[in-house]
Amino acid sequence: ASPSGSPTPTLLSPWAVDGTRGHGAGGGARHGCKDFSLCYWNPYWMLPSDVCGMNCFWEAAFRYSLKIQPVEKMHLAVVACGERLEETMTMLKSAIIFSMKPLQFHIFAEDQLHRSFKDRLILKEVDSLLYVDTDILFLRPVDDIWSLLKKFNSTQIAAMAPEHEEPRIGWYNRFARHPYYGKTGVNSGVMLMNMTRMRRKYFKNDMTTVRLQWGDILMPLLKKYKLNITWGDQDLLNIMFFHNPESLFVFPCHWNYRPDHCIYGSNCQEAEEEGIFILHGNRGVYHDDKQPAFRAVYEALRNCSFEDDNIRSLLKPLELELQKTVHTYCGKIYKIFIKQLAKSVRDRYARSPKEK
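Shown next, in the form of C-alpha cells:
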C-alpha cells in the first residue's frame with residue numbers, strides 16, 4: 001500500500017484472464033474484467049470498480065511462486081567393501097527414518113571404486129558431502145550434523161571428531177610414527193566436507209615447498225608414509241590436517257561416539273550431558289558380545305521397519321535390552337544410548353505427515 005493508504009498498482013499482469021468469462025453478457029464491463037487490467041499487490045483491498053479481481057489473484061500467485069526456494073538436498077557417502085551390506089543398509093535406514101531434508105546417497109562398492117580411481121575428481125558436481133563408515137548409526141536426523149556446515153569459518157573445509165578425549169588412552173600420541181592433528185588425532189569415520197572448498201584449496205605439506213591440491217597430494221603422501229601408517233586414509237588425513245590445521249572444524253565426541261569413549265570409563269562429556277548423536281560401532285562391536293550396549297542399539301535399528309508403529313515401539317524393548325548390559329562399563333551409562341533416539345522418535349511424530 002502507498003503512504004496515502006491507497007493500493008499501489010503494478011505493471012500490467014501478463015497472466016491477466018479474459019474477464020468476460022463467467023460473467024455473462026456485459027458482465028466483464030460491470031466487474032472491470034477487460035482483456036488486460038491493472039492489478040494491485042494486496043488482493044484483499046476493496047477493489048475499485050475498474051479493476052479485475054481475477055487478475056489480482058493470478059498475479060499474486062505468480063509472484064508468490066517465484067519466492068519459493070528449492071529444498072536443500074543432503075549428500076551422504078559410504079564405501080561398502082567386503083561383507084558390509086547389512087551394516088550399510090542399517091546405517092542408511094537410520095539416516096532415512098529421522099531426517100527431514102531430502103537425502104541423496106553415494107554408495108561405492110569395490111568394483112565401482114576400482115573404476116572410479118581412474119578419474120581424478122569423484123563427485124565433482126557435489127558442493128558438500130557427509131562421509132560415514134558403514135558401522136555408523138544416526139540417532140539424530142542427518143540435518144543436525146549437516147547444519148554444522150554453516151559454522152565453518154572462511155578457511156575450514158572439513159569437520160571431524162577427535163580420535164580420543166583422554167590422552168592417556170590415545171593411540172596417535174602414544175604409537176603414531178607420522179604427524180597427526182592436535183593432541184590425539186582425529187577420527188575419519190564421520191567426516192563432513194565442503195567439497196567445493198576442498199577442490200580449490202592448495203595444501204601445505206612436508207614433501208615440497210609448493211602447495212598441492214587435494215588430488216595431487218594423496219598419492220605422494222601414501223608413498224612417503226606407507227610403511228608408517230596403520231589406519232589407512234585416516235592417517236593420511238591426520239598428516240594433511242597437521243600441516244593445515246586452519247582447514248579443520250572439530251566437532252564434539254557425541255557426533256562420533258565409539259567404544260573407546262566408555263570401555264575404559266566414560267570420557268565423552270557431551271554424550272553424558274546430551275546423549276549420543278551418532279553411534280560408531282568400530283572394533284566389530286555390533287557383531288560380538290564384548291560391548292552389548294552397542295549391539296543392542298544396532299539390532300534394534302536393523303530389525304526396525306519404516307512403518308510408523310514399528311518405529312514408535314522400538315524404544316521400550318531397546319531400553320529393556322540396554323538395562324541388561326549394566327555389568328559393562330558402557331552399559332552402566334546406557335541412558336546416553338537412548339536419550340537422543342527417544343527425542344528423534346518424539347520429533348518425528350510431532351511433525352506433520354508431509355514432513356516425515
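For the sequence shown, the positions run 1 to 356 when the working numbering is used. C-beta atoms are modelled at their ideal positions from N, C-alpha and C, and glycine is treated no differently.
Q | Per-residue DSSP class, three states only, for Phe251 | A | Judged by DSSP in its simplified three-state form, Phe251 adopts coil rather than helix or strand.
Q. Does the beta-carbon distance from Ile136 to His178 come in below 7 Å?
A. Contact: no.
Q | Burial state of Leu192, where buried means 16 or more other Cβ atoms lie within 10 Å | A | That one is buried.
Q) Which term fits Asn256, buried or exposed, when burial requires 16 or more other beta carbons within 10 angstroms of its beta carbon? A) Using a 10 angstroms sphere on the CB of Asn256, the tally of other CB atoms reaches 16 or more, which defines it as buried.
Q. How would you label Arg168, buried or exposed, when you count the other beta carbons within 10 angstroms and need 16 or more for buried?
A. Classification of Arg168: exposed, given that the 10 Å Cβ count is below 16.
Q: Mark Gly331 as exposed unless 16 or more other C-beta atoms lie within 10 angstroms of its C-beta, in which case mark it buried.
A: Residue burial is scored here from C-beta neighbours: Gly331 has at least 16 other C-beta atoms within 10 angstroms and is therefore classed as buried.
Q: Look at the alpha carbon of Met89 and the alpha carbon of Arg211, and state the distance between them as a whole number of angstroms.
A: Answer to the nearest angstrom: the Cα atoms are 39 Å apart.
Q) So, does the CB of Val210 fall closer than 7 Å to a CB anywhere in chain D? A) In the structure shown, chain D does not exist; there is a single protein chain.
Q.
If you follow the alpha helix (DSSP H) that Ala77 is in, where does it begin and where does it stop?
A. For Ala77, no alpha helix (DSSP H) encloses it; the enclosing beta strand (DSSP E) starts and ends at 74 to 80.
Q) Under 7 Å, do Thr196 and Asp127 count as touching if we go by C-beta distance? A) For Thr196 and Asp127, yes; Cβs fall inside 7 Å.
Q. From Glu83 to Gln340, what distance separates their C-alpha atoms?
A. Note on geometry: alpha-carbon atoms of Glu83 and Gln340 lie some 29 Å from one another.
Q. Would a C-beta distance cut-off of 7 Å place Ala293 and Thr325 closer than the cut-off?
A. Contact flag set, yes.
Q. Do Ala271 and Ile338 have their C-beta atoms within less than 7 Å of each other?
A. In this structure, Ile338 does not lie closer than 7 Å to Ala271 by Cβ.
Q. Which residues mark the beginning and the end of the beta strand (DSSP E) in which Leu296 is found?
A. For clarity, residue 296 is Ala in the given sequence; the question names Leu instead. Annotation for Ala296: no beta strand (DSSP E) segment contains it, though the alpha helix (DSSP H) segment containing it runs 292 to 302.
**Q.** Boundaries (first-last residue) of the alpha helix (DSSP H) holding Met89
**A.** Element bounds for Met89: 85 to 98.
Q) Roughly how many angstroms lie between the CA atoms of Phe175 and Leu318, to the nearest whole one? A) The C-alpha of Leu318 is placed about 37 Å away from the C-alpha of Phe175.
Q) If you draw a straight line from the alpha carbon of Phe357 to that of Ser94, how long is it in whole angstroms? A) In this structure the chain extends from 1 to 356, so residue 357 is not present and cannot be described.
Q: Given a cut-off of 7 Å, decide if Val132 and Val190 are closer than it, judged by their beta-carbon atoms.
A: Cβ atoms of Val190 and Val132: closer than 7 Å.
Q. Can you give the beta carbon distance from Tyr329 to Ile263, rounded, assuming they're within the 8 Å contact cut?
A. Tyr329 to Ile263, Cβ: 6 Å. Contact.
Q) With a Cβ-Cβ cutoff of 7 Å, do Leu103 and Leu130 count as a contact? A) Not closer than 7 Å, so no.
Q.
Comparing C-alpha positions only, which one of Lys124, Gly275, Phe108, Leu222 sits nearest to His254?
A. Nearest of Lys124, Gly275, Phe108, Leu222 to His254, Cα basis: Gly275.
(Q) Extract the residue ranges of the alpha helix (DSSP H) inside the segment 189 to 253, only unbroken runs of 4 or more that lie entirely within it. (A) For the segment 189 to 253, whole alpha helix (DSSP H) runs of length 4 or above, ordered along the chain, are 195 to 200, 214 to 225, 233 to 243.
Q: Since I believe Lys201 is in contact with Gln213 (beta carbons under 8 Å), could you give me their beta-carbon distance rounded to a whole number of angstroms?
A: Gln213 to Lys201, Cβ: 7 Å. Contact.
Q. Of the residues Tyr298, Ile278, Gly265, which one's Cα is nearest the Cα of Tyr286?
A. Of the candidates Tyr298, Ile278, Gly265, Tyr298 places its Cα closest to the Cα of Tyr286.
Q. Gly22: buried (16+ other C-beta within 10 angstroms of its C-beta) or exposed?
A. Because the pLDDT of Gly22 is 43, which lies under 50, any placement of that residue in the model is unreliable, and the number read from its coordinates should be weighed accordingly. An exposed status is given to Gly22, since fewer than 16 other beta-carbon atoms sit within 10 Å of its beta-carbon.
Q) Sorted by chain position, which residues of the same chain lie with C-beta nearer than 7 Å to Trp146's C-beta, five sequence neighbours on each side aside? A) Around Trp146: Met74, Leu130.
Q | Backbone CA spacing between Leu123 and Val78 [nearest angstrom] | A | Rounded to whole angstroms, the gap between the alpha carbons of Leu123 and Val78 is 13 Å.
Q) Do Ala296 and Leu322 come within 7 Å of each other at the CB atom, strictly closer than that value? A) Closer than 7 Å, so yes.
Q. Taking Glu125 as the reference, which of Ala161, Tyr225, Met198 has the closest Cα?
A. The residue among Ala161, Tyr225, Met198 with its C-alpha nearest the C-alpha of Glu125 is Met198.
Q) In its own chain, which residues sit with a C-beta less than 6 Å from the C-beta of His243, not counting the 5 before and 5 after it? A) When the five nearest sequence neighbours on each side are left out, the beta carbons in the same chain lying within less than 6 Å of the beta carbon of His243 are those of Lys204, Asn205, in order along the chain.
Q. Residues bridged to Ala158 by DSSP?
A. The partner list for Ala158 (beta bridge, DSSP) reads Met193, Leu248.
**Q.** For Val345 and Leu315, believed in contact at Cβ under 8 Å, the rounded distance
**A.** Sure, about 6 Å apart at Cβ, within 8 Å.
Q | Assigned exposure category for Asp289 - 16 Cβ within 10 Å defines buried | A | Here Asp289 is exposed, its C-beta having fewer than 16 other C-beta atoms within 10 Å.
**Q.** Residues that Ile338 bridges to, as DSSP identifies them
**A.** Note: Ile338 sits in no beta bridge, so no partner.
Q. Which whole-angstrom value is the C-beta distance of Ile107 and Phe306, which I expect to be below 8 Å?
A. Their Cβ separation, rounded to whole angstroms, is 18 Å, which puts Ile107 and Phe306 out of contact at 8 Å.
**Q.** Pick from Glu246, Phe105, Gly232 that is closest to Phe152, judged by C-alpha positions
**A.** Distance check between Phe152 and each of Glu246, Phe105, Gly232 places Glu246 closest, using alpha-carbon atoms only.
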